[in-house]
Amino acid sequence: MIKVRFGIIGTGRISDWVLKGAVLDPRFEAASVCSRSRENAESFAAGHGIPKIFTDVEEMASDPEIDAIYIGTPNHTHHDLAIRCMSHGKHVMCEKPLASNAIEVEEMIAAAKSNNVLLMEAMISTLSPNFRMVQNRLKTLGTVRNYSGVFCQYSSKYGLLKRILAGEDHSPVPSSFNPDRSGGALMDIGIYPIYPMVTLFGQPKSVKADVLTIGVPTSQGTSPIDLQGSVLFEYDGMTANAVYSKIADSRLRTEISCEGGILSLDQIHITRQVEFIPHGAPTSGRSNGPLKEDITVPCDPDEYLCEFKEFIDVLENGRLESENNSLGNSLAVAEVMDEIRRQAGVVFPSDRY
Ligand SMILES: NC(=O)c1ccc[n+]([C@@H]2O[C@H](COP(=O)([O-])OP(=O)(O)OC[C@H]3O[C@@H](n4cnc5c(N)ncnc54)[C@H](OP(=O)(O)O)[C@@H]3O)[C@@H](O)[C@H]2O)c1
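What follows is the structure, encoded as structure tokens:
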């Protein structure tokens with residue numbers, strides 16, 4: 102059994118969450134943590150039993166006692182941090198979205214290839230046991246005719262954003278609503294229905310986006326940021342759409358409709374329950390036909406375990422790329438998201454096109 106010694110960059114909520122899953126893989130070792138503040142690093146290290154701390158990414162990346170680095174920082178920092186780590190020969194697992202835009206993703210892919218290291222986007226949706234089951238089941242259901250992916254979650258930071266916009270709070274705009282930090286509903290939430298769609302069906306031929314934006318204070322003055330969106334995607338022989346929001350909740354299920362029946366997922370970001378509704382299932386009490394089936398498979402003991410299991414499996418098998426969270430999928434998703442932002446008029450300082 103291999104042991105992979107991880108350094109963790111960023112001591113926010115997401116690093117805490119993923120670590121709780123990572124430690125369930127016996128091949129994972131939390132070797133060090135890096136924070137911009139010594140105090141945060143010390144308290145995070147104490148809370149997770151991590152033996153070594155850094156306050157300088159360059160020092161962590163050049164530590165020979167680390168094999169891989171997990172990046173849990175705001176989106177606009179992913180590109181530079183990941184390239185720095187990879188240039189020291191470290192494998193990198195980087196939070197979603199992999200970068201601010203497709204150009205940055207391309208540069209990160211080039212860095213992974215030239216340094217011969219694994220780069221994987223920490224996109225949980227496509228690695229969860231129930232998504233993998235759906236992926237296999239799809240092969241038996243004939244031609245796919247529609248994908249409808251939904252993730253709408255009223256953000257815990259939306260109240261703060263409203264107070265900032267009303268001039269009642271002078272805090273900085275939270276990362277997930279902040280163009281300077283490559284935030285917004287698409288980057289934060291919309292990616293969840295889109296990444297699985299690209300993994301299953303490839304990159305769409307075209308994109309038509311309807312996006313709700315609002316102006317927020319930024320380094321450029323005031324810039325638009327997206328709050329929710331509804332997007333149509335063009336594929337041969339099938340239709341597809343994604344709906345996402347940070348300002349309203351939804352309990353709509355994600356559905357994949359095939360000629361042989363429907364796969365209905367309770368939620369796409371982390372699928373916990375799946376129903377199969379066969380073709381011909383009754384739609385009223387007066388008709389007969391095959392009944393829907395619960396085809397859920399058991400979930401992992403922690404939702405984030407699957408990301409680390411995949412990352413370490415890839416390394417253990419002598420490969421440098423995940424199949425579902427491949428470099429090609431990450432790039433295709435970034436291209437789709439660039440086009441949605443272009444149509445919505447949402448621009449980040451990191452954009453160089
Ligand atoms: N997979 C999931 O379920 C999930 C859920 C939520 C978020 N995310 C992703 O996780 C990432 C972080 O999101 P978040 O909302 O946790 O962000 P955040 O709270 O703004 O930042 C997370 C941590 O990054 C470090 N950081 C903050 N600003 C930085 C900067 N300018 N340069 C370098 N480091 C900085 C800080 O740690 P230090 O103070 O220690 O430096 C901070 O605690 C995003 O990419 C987001 O999309 C993923």
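For the sequence shown, my numbering begins at 102 and goes up steadily by one. Cβ coordinates follow ideal geometry from the N, Cα and C atoms, glycine included.
>> Measuring alpha carbon to alpha carbon, tell me which residue in His-180, Val-193, Leu-228 is nearest Ile-170.
In response: Along the sequence shown, one-based indexing puts residue 170 at 69. Measuring from the Cα of Ile-170, the nearest candidate turns out to be Val-193.
> What are the uninterrupted segments assigned as alpha helix (DSSP H) that are 4 or more residues long and contained completely in the stretch 284-360, given in chain order?
Replying inline: Runs of the alpha helix (DSSP H) inside the stretch 284-360: 292-302.
>> Using a Cβ-Cβ cutoff of less than 6 Å, which residues in the same chain neighbour Glu-394 once the five nearest sequence positions on both sides are dropped?
In response: Mapped onto the sequence shown, residue 394 falls at position 293. Phe-377.
> beta strand (DSSP E) containing Gly-362: first to last residue?
Replying inline: For this step, residue 362 is matched to residue 261 along the sequence shown. 362-366 is the span of the beta strand (DSSP E), which, as asked, contains Gly-362.
> Secondary structure at Ile-369, three-state DSSP: helix, strand or coil?
Replying inline: Translated into the one-based positions of the sequence shown, residue 369 becomes position 268. It is coil, neither helix nor strand.
>> Which residue marks the beginning of the beta strand (DSSP E) containing Gly-250, and which one marks its end?
In response: Taking the sequence shown and counting its residues from 1, one reaches residue 250 at position 149. First-last of the beta strand (DSSP E) with Gly-250: 245-253.
> Just to confirm, does Ile-115 get its C-beta within under 7 Å of one of the non-hydrogen atoms of ligand 1?
Replying inline: Locating residue 115 in the sequence shown gives position 14, counting from the first residue. The answer is yes for Ile-115.
> Nearest to Ser-276 by alpha carbon, out of Ser-215, Thr-178, Asn-202?
Replying inline: To locate residue 276, count along the sequence shown from 1; it is residue 175. Comparing Cα positions, the closest option is Thr-178.
> What are the partner residues of Phe-129, as DSSP defines its beta bridges?
Replying inline: Position 28 of the sequence shown, counted from the first residue, corresponds to residue 129. Beta bridge pairing from DSSP links Phe-129 with Val-105.
> Can you tell me the Cα-Cα spacing of Glu-166 and Ala-310, whole angstroms?
Replying inline: Numbered from its first residue, the sequence shown carries residue 166 at position 65. Numbered from its first residue, the sequence shown carries residue 310 at position 209. Between Glu-166 and Ala-310, the alpha-carbon positions lie close to 46 Å from each other.
> Which whole runs of the alpha helix (DSSP H) in the stretch 149-209 are 4 residues long or more, in chain order?
Replying inline: 158-162, 179-188
> Beta carbon of Ala-223: closer than 7 Å to some heavy atom of ligand 1?
Replying inline: Position 122 of the sequence shown, counted from the first residue, corresponds to residue 223. Yes.
> Do Cys-407 and Ile-225 have their C-beta atoms closer together than 8 Å?
Replying inline: The residue given as residue 407 occupies position 306 in the sequence shown. The residue given as residue 225 occupies position 124 in the sequence shown. Yes. Within cutoff.
>> Applying the 10 Å Cβ sphere with the 16-neighbour rule, what's the burial state of Ser-256?
In response: Indexing the sequence shown from 1 puts residue 256 at position 155. Classification for Ser-256: buried.
> Contact check, Pro-399 vs Pro-230 under 8 Å by CB: the rounded distance?
Replying inline: The residue labelled residue 399 in the question sits at position 298 within the sequence shown. The residue labelled residue 230 in the question sits at position 129 within the sequence shown. Cβ-Cβ separation between Pro-399 and Pro-230: approximately 7 Å, consistent with a contact (criterion under 8 Å).
> For Lys-197, which residues of its own chain have a beta-carbon under 7 Å away from its beta-carbon, when the five flanking residues on both sides are left out?
Replying inline: Translated into positions along the sequence shown, residue 197 becomes position 96. Excluding sequence neighbours, Lys-197 sits near Glu-222, Ala-223, Met-224, Ile-292.
>> Just verifying my parser: in three-state terms, what is the DSSP assignment at Cys-407?
In response: The residue given as residue 407 occupies position 306 in the sequence shown. Note: Cys-407 maps to helix in three-state DSSP.
> Is it true that the CB of Leu-328 sits closer than 8 Å to the CB of Lys-347?
Replying inline: Along the sequence shown, one-based indexing puts residue 347 at 246. Along the sequence shown, one-based indexing puts residue 328 at 227. Contact flag set, yes.
>> Any heavy atom of ligand 1 inside 7 Å of the beta-carbon of Asn-141?
In response: Indexing the sequence shown from 1 puts residue 141 at position 40. Because some heavy atom of ligand 1 lies under 7 Å away, the Cβ of Asn-141 counts as near it: yes.
>> DSSP three-state label for Glu-422, please.
In response: To locate residue 422, count along the sequence shown from 1; it is residue 321. Three-state DSSP puts Glu-422 in coil, outside helix and strand.
>> Only counting the same chain, and skipping five residues up and downstream in sequence, which positions put a Cβ closer than 6 Å to that of Ile-396?
In response: Sequence index remark: in the sequence shown, residue 396 carries index 295 (1-based). These residues qualify, in order along the chain: Val-375, Phe-377.
> Under the DSSP definition of a beta bridge, which residues are partnered with Leu-220?
Replying inline: To locate residue 220, count along the sequence shown from 1; it is residue 119. Answer is Val-193, bridged to Leu-220.
> Taking the C-alpha atoms as reference points, what is the distance between Ile-265 and Ser-451?
Replying inline: Against the sequence shown, residue 265 aligns to sequence position 164. Against the sequence shown, residue 451 aligns to sequence position 350. Taking the straight line joining both Cα atoms gives about 24 Å.
> In terms of DSSP beta bridges, what is Phe-377 paired with?
Replying inline: Position 276 of the sequence shown holds residue 377. In DSSP, Phe-377 forms a bridge with Leu-364, Glu-394.
>> Considering only the alpha carbon of each residue, which of Ile-204, Asn-418, Glu-422 lies closest to Val-437?
In response: Here residue 437 corresponds to residue number 336 of the sequence shown, with the count starting at 1. The residue with the shortest Cα to Cα distance from Val-437 is Ile-204.
>> Does the beta-carbon of Gly-111, which I'm using as the reference point, lie nearer than 7 Å to any heavy atom of ligand 1?
In response: Here the question's residue 111 lines up with position 10 in the sequence shown. Checking every heavy atom of ligand 1 against the Cβ of Gly-111, one is found closer than 7 Å.
>> If distances are taken between C-alpha atoms only, which option among His-370, Ala-183, Ser-201, Trp-118 comes closest to Arg-233?
In response: For the purposes of this step, residue 233 is taken as residue 132 along the sequence shown, with counting starting at 1. Checked all of His-370, Ala-183, Ser-201, Trp-118; the closest Cα to Arg-233 is His-370.
> What are the residues that DSSP puts in a beta bridge with Cys-135?
Replying inline: Residue mapping note: residue 135 aligns to position 34 of the sequence shown, counting from 1. In DSSP, Cys-135 forms a bridge with Ile-110, Phe-155.
> Any beta-carbon of chain C closer than 8 Å to the one on Pro-152?
Replying inline: The chain inventory of the structure shown lacks chain C, comprising one protein chain alone.
>> Taking the straight line between their C-alpha atoms, what separation do you get for Ile-115 and Pro-175?
In response: Translated into positions along the sequence shown, residue 115 becomes position 14. Translated into positions along the sequence shown, residue 175 becomes position 74. For Ile-115 and Pro-175, the distance between alpha carbons rounds to 10 Å.
> Taking the C-alpha atoms as reference points, what is the distance between Arg-373 and Glu-356?
Replying inline: Position 272 of the sequence shown holds residue 373. Position 255 of the sequence shown holds residue 356. So the two alpha carbons sit approximately 14 Å from each other.
>> Tell me whether Gly-173, by its Cβ, gets closer than 7 Å to a heavy atom of ligand 3.
In response: Because ligand 3 does not appear in the structure shown, any question about it cannot be addressed here, the ligands present being ligand 1.
> Alpha carbon to alpha carbon, how far is Gly-361 from Val-344?
Replying inline: Position 260 of the sequence shown, counted from the first residue, corresponds to residue 361. Position 243 of the sequence shown, counted from the first residue, corresponds to residue 344. Straight-line Cα distance between these residues: approximately 25 Å.
> If Glu-143 and His-180 are in contact, beta carbons under 8 Å, what's the gap, nearest whole angstrom?
Replying inline: The count along the sequence shown starts at 1 and reaches residue 143 at position 42. The count along the sequence shown starts at 1 and reaches residue 180 at position 79. Not confirmed; about 28 Å, so no contact.
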